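Inspection log for the structure reproduced underneath, given as structure tokens.
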Amino acid sequence: MKIVGLDLGDRWVGIALSDGLQMTCRPYKTATISTIVTELQTLLTTERIERIVFGLPRTMRGTESEQTLKVRSQAEQLIATLSTTLNREIPCTFGDERLTSQWAQNVRIEKNVKKQKSGPSLEHAVAAAFVLQNYLDSKAFHRP
């Protein structure tokens, strides 16, 4: 079964997808905030998804900010909508999102990928992949 990682933003949502063994992941795509429900409904019905990991933006001290509360609220609404429309419970977890956007920008710079002036950038999906890979690594570390 696979796991989906999400980097929720005000306009764009980065989506990452794990492999079936939940050892690695890859950037999947970037969706708009207005199409994320449809994108996830499709993904949840075509792939064997076990859970969704939401990137949670905390301050560098590890405390919660207004953005943290906003993301929690968005995540709860998204899970409620998906659970209702798909008629099943969707387990979810929050993962640390600190510095993932910066790491994703560094990947873009290192790969010499030009940022698009309009439309989604793969950068958001890369940030989601960092969140998801951190989750997968911590999960693997705690396996018996």
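If you use our numbering, the sequence shown closes out at 127, no skipped numbers anywhere.
Note that the Cβ used here is the ideal one computed from N, Cα and C, for glycine as well.
Small disclaimer: the values here were computed from a predicted structure and weren't measured.
The C-beta of Thr13 has 16 or more other C-beta atoms within 10 Å across all chains shown, which makes the residue buried.
C-alpha of Met(-16) to C-alpha of Glu49: approximately 33 Å in a straight line.
Between Phe37 and Cys75, the CB-CB gap stays under 9 Å. From the listed residues Asp79, Glu80, Glu72, the smallest Cα separation to Gln24 is found for Glu72. The residues Gly(-12), Ala(-1), Cys8, Arg9, Pro10, in chain order, have a CB closer than 7 Å to that of Ala112 in the same chain once the five nearest residues on each side in sequence are set aside.
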